[in-house]
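Residue numbers for the sequence shown follow this note's numbering, beginning at 59 and rising by one. Have a look at the structure below, then the notes.
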Amino acid sequence: MWDILGIAAILGKDAVGYTPCGCGECSERLSLTIRKDKPVDSDWLVHFVVPAARFWENIGYT
């Protein structure tokens, strides 16, 4: 999930991203649209176990 957020921010462009995972409650495939650096029409809560500042410490895990 952090890929679509990071790539859109780096490029400064709108993006649509699809995740290879699904919702933990209903298994629905997830997609996210980013416009002007913000998610559009989304009430999701995204939880990253590792803070972004520490992603590179174990990039395979994150």
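Yeah, the Cβ is synthetic: ideal placement off N, Cα and C, and Gly gets one too. This one's a predicted model, so the numbers in the text were calculated from it and none came from an experiment.
Closest in C-alpha terms to V108, from the list D99, W102, D101, G118, comes G118.
I117 carries a coil assignment under DSSP once its states are collapsed to helix, strand and coil. Contact between L90 and I62 is confirmed by a C-beta separation of about 6 Å, below the 8 Å threshold.
DSSP places L90 in the strand class (E or B) of the three-state scheme. Within the same chain, and ignoring the five residues on either side of I65 in sequence, the residues whose Cβ sits closer than 7 Å to its Cβ are A73.
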